[in-house]
Amino acid sequence: MELVVCTYDDPVARKLIAEVQQEYVTRYGGPDETPVDPADFAPPLGHFVVGRVGGDPVACGGWRAHDASEPGFEDGDAELKRMYVAPRARRRGLARALLAELESSARTAGRTRMILETGTAQPEAIALYTSSGYTTIEKFGYYRCSPSSRCYGKPL
Numbered sequence: 001m002e003l004v005v006c007t008y009d010d011p012v013a014r015k016l017i018a019e020v021q022q023e024y025v026t027r028y029g030g031p032d033e034t035p036v037d038p039a040d041f042a043p044p045l046g047h048f049v050v051g052r053v054g055g056d057p058v059a060c061g062g063w064r065a066h067d068a069s070e071p072g073f074e075d076g077d078a079e080l081k082r083m084y085v086a087p088r089a090r091r092r093g094l095a096r097a098l099l100a101e102l103e104s105s106a107r108t109a110g111r112t113r114m115i116l117e118t119g120t121a122q123p124e125a126i127a128l129y130t131s132s133g134y135t136t137i138e139k140f141g142y143y144r145c146s147p148s149s150r151c152y153g154k155p156l
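For what it's worth, full-length UniProt numbering labels the leading residue of the sequence shown as 1, then goes sequentially.
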């Protein structure tokens, strides 16, 4: 998989983000309503990539910086967002490669912990994160009061 850095609002990224939002509609009954500003993913306090296989855009993901001045966050946090692999490209290790790149870019940018929020309707995501060294952390963000929300973190 070739990983290409792009903006969050790049047309190819927007198409993949629409696909992941549809996945949330299917699994949870609605899209992720967490407030997102595309500028949050601009360097040096953010990063977004699209993964291509044979030129076909099949994956995306990014992170945005947070610090302790925000409730539920610690200085040096990078929040993983819009991590997605299209169904046609799953079960090939692409999500794990994408996650490794996002962790590496956050570490290079001086972030010290990667955090994320997912939900119980995404058991394969939970399995990926926990097998990659993520552990349960205090809930944060828009869905912190949702019983189906799960939050994880990993020191970088």
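All C-beta atoms in this analysis are idealised placements derived from N, C-alpha and C, irrespective of residue type, glycine included.
The model shown is predicted, which means the values in this text are computed figures rather than measured ones.
Identify whether residue i lies in helix, strand or coil by the three-state DSSP scheme.
i    : result
P11  : helix
R150 : strand
T120 : coil
L156 : coil
E23  : helix
Report, in whole angstroms, the separation of the C-beta atoms of residue i and residue j, which I expect to be a contact under 8 angstroms.
i    : j    : result
L156 : I115 : Going by Cβ atoms, the distance from L156 to I115 rounds to 10 angstroms, so no, they are not a contact pair.
P35  : Y142 : 7 angstroms
V49  : G62  : 7 angstroms
L45  : A65  : 4 angstroms
C60  : I17  : 7 angstroms
A97  : M1   : 6 angstroms
A121 : H47  : About 26 angstroms separates the two Cβ atoms, so there is no contact after all.
P38  : D77  : Incorrect: roughly 19 angstroms between the Cβ atoms, too far for contact.
For residue i, report the span of its beta strand (DSSP E) as first-last.
i  : result
E2 : E2 to V5
* **Those runs of the beta strand (DSSP E) which lie wholly inside the region 29-117 and span at least 3 residues** => Counting only unbroken stretches of 3 or more residues, the beta strand (DSSP E) elements lying wholly within the region 29-117 are 46-53, 56-66 and 77-85, in sequence order.
* To do: Could you tell me whether the region 51-62 touches the region 115-126, where touching means 3 or more Cβ pairs closer than 8 angstroms?
  => no
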